[in-house]
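Trainee: Have a look at the structure that comes next, please.
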Amino acid sequence: MKHQLYREQQLNCDIETAWKFFSSANNLEKITPKDMKFVVLTHFKNDEIFEGMIIDYFVSPLLGIKMKWKTEIIQVDFQKSFTDFQKNGPYKLWHHHHEFIENENGVLMKDTVDYKLPLGFLGEIAHKLFVRSKLEHIFNYRYQILEDRFNQ
């Protein structure tokens, strides 16, 4: 079964600042809860996002078990949106669309994550028991970090 997580947040900054921060793979560790032990393995000389960009990570989403995660940037519209897609990792499907909309207060950032879990009905039970709440926790953490960084 396909699930969706949607979030939006107003950032009090200009589009250049928002884009530079969010399109940098090196900033993912800064907005991910420490208990996830998230580490970006891919290092880029030029931190500019591009279609076809492959990013490898280690993440420990459950019980401290370390997993590799590989995403590809499949869509980039400069200073408007980008989409990452899981090539290998814990989900059967992970499609994360990031959107940035300039407005009179700065930038409205929108995240839409479409995802499916593996293991059929067992994955759905896991979703109900802990996966959904873990994703909510991650995005709640991000919200607070971004509030502190952009809206103080």
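Residue 205 in the numbering used here is what sits at position 135 of the sequence shown, and the numbering runs on without skipping anything. A virtual CB, placed ideally from N, CA and C, is assigned to each residue, including glycine.
In the structure shown, what three-state DSSP assignment does G122 receive?
Mentor: coil
Trainee: Whose C-alpha, out of F220, Q222, N221 and I215, is nearest the C-alpha of L98?
Mentor: Check the Cα spacing between L98 and each of F220, Q222, N221 and I215: the tightest is with I215.
Trainee: Using only alpha-carbon positions, find the residue among E78, K198 and K180 that is nearest to L187.
Mentor: K198
Trainee: By the three-class DSSP mapping on this structure, what secondary structure does M71 have?
Mentor: coil
Trainee: Under 7 Å, do D184 and H168 count as touching if we go by C-beta distance?
Mentor: no
Trainee: Please work out which residues of its chain come closer than 6 Å, Cβ to Cβ, to V126, disregarding the five sequence neighbours upstream and downstream, and give them in chain order.
Mentor: In the sequence under discussion, the amino acid at residue 126 is Asp, which differs from the Val named in the question. Hits under 6 Å: L111, T112 and K140.
Trainee: Is it true that the CB of G190 sits closer than 7 Å to the CB of N82?
Mentor: no
Trainee: Which residues mark the beginning and the end of the beta strand (DSSP E) in which F170 is found?
Mentor: Counting along the chain, F170 sits inside the beta strand (DSSP E) bounded by residues L163 to N173.
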